[in-house]
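S.K.: I'd like to ask some things about the structure below.
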Amino acid sequence: MKRLYRWHRRLSLIIALPVVLSAGSGFLHPIMTNMRPRVATQGLPAETIDVGRCPLPPSVALRMAGIDTISHLRLVHMDTSWFYQVRRGELDVPSYVSARTGQMLPKGDWLYAQYLARAFLEGTPGRAAAPSAPLPDCCTAATYAVLNAAGSPVTDEVRLTAFDEGYNPVNRLLPVYKVSFGRADGIRVYVETAQDRFALAVDNRRAAFNRVFEYIHTYQWLSFLGRGRLVAEALLLGAAFVTTVLGIWIFFATKSKPVPGNRYVRSRRLHRYTAIVVSLFTLMFTFSGAYHALVQLRPDDRDRFFARDRFATAALRLGPADWTRATDVSLVAIGGAGYWRLARAEQRPIASARKDLMRDMSAAQPPVVYIADADGAALPDGERRYARALAAQFSGRPLSAIKDTRCLTRFEGEYNFTDKRLPVWKVAYASDRYYVETSSGRLSVRVDDMDRAEAYSFALLHKHEFLGWAGKPVKDTSTMFWAAMQIVVVALGLTLYVRYRKRGVSKANGADRIKHS
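Residue numbering for the sequence shown is 11 to 527, as defined by the numbering used here.
Structure below.
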């Protein structure tokens, strides 16, 4: 038993600081998630395409702009001007071609990012003051409207194609623009122009919290080890798990009797009973944290999977006149044929716009229709077919291998809020599942049985999702309380160790006095 005591004491000293750092930042995490800068909305309201302002079909407008082949096409607007947003490759900067004149909008994506960021931050952008002279065309009008919009001025704009210190991998979405505004709080809004999507808003206070959290909770202080940081994190958390198991063994294998006036025995009993109460949650936190760190050693390659379609612009037949009542339009390929993916105005109410995806944990799925570009015929069950086609492309397996297909509008189980995208389609095979986002033609995440076990472990044991039924405040309170208790146990243990050392020194001094008397 003395040997168990010795190992428990030694391991406790090794893991004391890492546990305090992890628990302290874990305590702060719910506060940080609720301390986000306020924005007007995280989802734009549906707006029916103004067909009268889009007289040119894509085949004509893109030919006038000198574009003969594309990979993606959408219809977007800035102020009252409508543009075809086109990409020739997945990571290419989108080009913007006027649906009225066929002109290319200079710096179109740069302008559209500002337009979106302002709409998310402040609501519908305020109209610019009327120009002193009539504007010659819609490209000039759109540029003027964006650059002279009322509200906070834009001070900087950067396109990110890789994660960095301010926008880390947990945010998932790339490429995005970081649009900084000239406000006292230094707010910057991250937007994905390819999907008109809000990605993140960060002000100076939230940025400071993020840096502290990443440094101490995810062990960024070991970043000099590269990916070895994850191994070190798993080892330290594993050591904390073993220390807890030893403490539980000692508790049930020994007895502690109160000795009046003995401060050392009093400290030991306090540490002993506090630790046994907290031990279950210590085991939950350390096991799930170590498991999560080890799984992260597997490369996350989800960004490699996206629709790789090619369309000859001259072959496109349909245009805005065929998209009546549509609020969202994009071009996709199913079985080698081109289809227009449309959301209809009467099927997509304004209430479906996402206000706060991370708080609501859900998003409405607007019913969409797919019409063939060749003849305008509707494709029955188009969303499901496209989701299955994407999964077959990403997995390299035949459609016949698919076991189940269904739409998810909520984060649940193995597909949780860390995956960011909603709504998605879950396409299940025998041993793994592909979650695909039909609106972007991208893979959100692939989950196999190992990923599934880790996802449940982290959600239930680390994030206390077993209290999800009671609501986020209850879940956050539980997480914060038990994280704080880990610090209390460490503090009591260190107090006990200091008194143990003093007790040893006192005994040694007493023995010396007896020896020399």
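Just so it is clear, CB atoms sit at the ideal spot from N, CA and C, and this is done for glycine as well.
What would DSSP say about ASP289, mapped onto helix, strand or coil?
M.R.: This sequence places Ser at residue 289; Asp is not what is there. Helix at SER289.
S.K.: Below 8 Å on the Cβ atoms is my guess for ASP366 versus GLN124; work out the distance and round it to an integer in Å.
M.R.: Not really, about 22 Å apart at Cβ, beyond 8 Å.
S.K.: Hey, could you find the ends of the beta strand (DSSP E) ARG169 is sitting in?
M.R.: Element bounds for ARG169: 164-170.
S.K.: For the ligand FMN, any of its heavy atoms closer than 6 Å to the Cβ of VAL455?
M.R.: Questions concerning the ligand FMN fall outside what the structure shown contains, since it holds no ligand whatsoever.
S.K.: Which residue comes first and which comes last in the beta strand (DSSP E) that contains PHE208?
M.R.: Here the beta strand (DSSP E) through PHE208 covers 207-212.
S.K.: For HIS87, write down the residues that DSSP places opposite it in a beta bridge.
M.R.: Its beta-bridge partners are TRP92.
S.K.: Taking the Cβ atom as the reference point for each residue, do GLN375 and THR419 lie within a distance shorter than 7 Å?
M.R.: In this structure, THR419 lies closer than 7 Å to GLN375 by Cβ.
S.K.: Go through its chain and collect everything with a Cβ distance to ALA26's Cβ below 8 Å, but skip five positions before and after it.
M.R.: Counting only Cβ-Cβ distances below 8 Å, and skipping sequence neighbours, we find VAL500, GLY503 and LEU504.
S.K.: Is DSSP giving GLU243 helix, strand or coil here?
M.R.: GLU243: helix per DSSP, three-state reduction.
S.K.: State yes or no: is the C-beta of GLY386 within less than 7 Å of the C-beta of PRO67?
M.R.: No.
S.K.: Using beta carbons (cut-off 7 Å, strictly below), is TYR396 in contact with chain B?
M.R.: Looking at the structure shown, chain B is missing, and only one protein chain is on hand.
S.K.: Pull the bridge partners of GLY248 from the DSSP assignment, please.
M.R.: Paired residues: none, contrary to the question.
S.K.: Would the stretch 289-306 and the stretch 240-260 be scored as touching if the rule is three or more Cβ pairs under 8 Å?
M.R.: The stretch 289-306 vs the stretch 240-260: in contact.
S.K.: Whose C-beta lies closer than 8 Å to the C-beta of GLY133 among residues of the same chain, with five residues either side of it excluded?
M.R.: Around GLY133: ALA50 and THR51.
S.K.: In the DSSP assignment, the beta strand (DSSP E) including THR337 goes from what residue to what residue?
M.R.: Element bounds for THR337: 336-344.
S.K.: Quick check on MET88: buried or exposed, where buried means 16 or more other Cβ atoms within 10 Å of its Cβ?
M.R.: The residue is buried, with at least 16 neighbouring Cβ atoms inside 10 Å.
S.K.: What is the DSSP secondary structure of GLU202, counted as helix, strand or coil?
M.R.: It is a strand residue.
S.K.: Would you check if the distance between the CB atom of SER277 and the CB atom of LEU506 is smaller than 7 Å?
M.R.: Going by C-beta atoms, SER277 is nearer than 7 Å to LEU506.
S.K.: So, under 8 Å CB-CB, VAL186 and ARG198 are touching, yes? Tell me the CB distance rounded to an integer number of Å.
M.R.: About 11 Å separates the two Cβ atoms, so there is no contact after all.
S.K.: Starting from TRP350 and walking both ways along the alpha helix (DSSP H), at which residues does that stretch end?
M.R.: Premise fails: TRP350 lies in the beta strand (DSSP E), 347-354, not in any alpha helix (DSSP H).
S.K.: Should SER85 go down as buried or exposed, given a rule of 16 or more other Cβ atoms within 10 Å for buried?
M.R.: In the sequence as presented, Ser is not what sits at residue 85; that position holds Leu. So LEU85 ends up on the buried side.
S.K.: Do you know how far the Cα of LEU280 is from the Cα of PHE191?
M.R.: Distance between the alpha carbons of PHE191 and LEU280: 52 Å.
S.K.: What did DSSP end up calling ILE226 once you bin it into helix, strand or coil?
M.R.: The answer is helix: DSSP assigns ILE226 an H, G or I state.
S.K.: Is it right to say TRP17 is buried, meaning 16 or more other beta carbons lie within 10 angstroms of its own, or is it exposed?
M.R.: Burial call: exposed.
S.K.: Any contact of the stretch 311-326 with the stretch 37-51, i.e. 3+ C-beta pairs under 8 Å?
M.R.: Counting Cβ pairs under 8 Å, fewer than three are found: no touch.
S.K.: Using 8 Å for Cβ pairs, my map puts TYR444 next to SER405. What's the rounded Cβ distance?
M.R.: Indeed, because the Cβ distance is near 6 Å, the residues count as touching under 8 Å.
S.K.: For TYR510, which residues from the same chain have a beta carbon less than 6 Å from its beta carbon, with the 5 sequence-adjacent residues on both sides left out?
M.R.: Nothing listed; no residue qualifies.
S.K.: So, for ALA361: in the same chain, excluding its five sequence neighbours on each side, which residues have a beta-carbon less than 6 Å away from its beta-carbon?
M.R.: In this prediction, ALA361 scores a pLDDT of 41, lower than 50, which makes its location untrustworthy; the coordinate-derived value is nonetheless stated afterwards. None.
S.K.: Three-state secondary structure (DSSP) at SER266?
M.R.: Reduced to three states, the DSSP call for SER266 is coil.
S.K.: I'd like to know if the stretch 433-442 and the stretch 465-476 are in contact, where contact means that at least 3 CB-CB pairs between them fall below 8 Å.
M.R.: No, they do not touch.
S.K.: I need the straight-line Cα distance from ALA218 to ALA401, nearest angstrom please.
M.R.: Rounded to the nearest angstrom, the two C-alpha atoms are 40 Å apart.
S.K.: Would a C-beta distance cut-off of 7 Å place ALA382 and TYR349 closer than the cut-off?
M.R.: Contact flag set, yes.
S.K.: ALA263 and MET11 look like a contact to me (Cβ under 8 Å); what is the Cβ gap, rounded to whole Å?
M.R.: 7 Å between Cβ atoms; contact.
S.K.: Measure how close the beta-carbons of THR111 and CYS148 come, nearest whole angstrom, since I'm counting them as under 8 Å.
M.R.: Between CYS148 and THR111 the Cβ distance is about 6 Å, and since that is below 8 Å, they are a contact.
S.K.: Give the straight-line distance between the Cα atoms of TYR200 and PRO179, rounded to the nearest whole angstrom.
M.R.: Computed Cα separation, rounded: 13 Å.
S.K.: Along the alpha helix (DSSP H) that carries ILE41, what are the first and last residues, could you check?
M.R.: Unbroken alpha helix (DSSP H) run through ILE41: 12-43.
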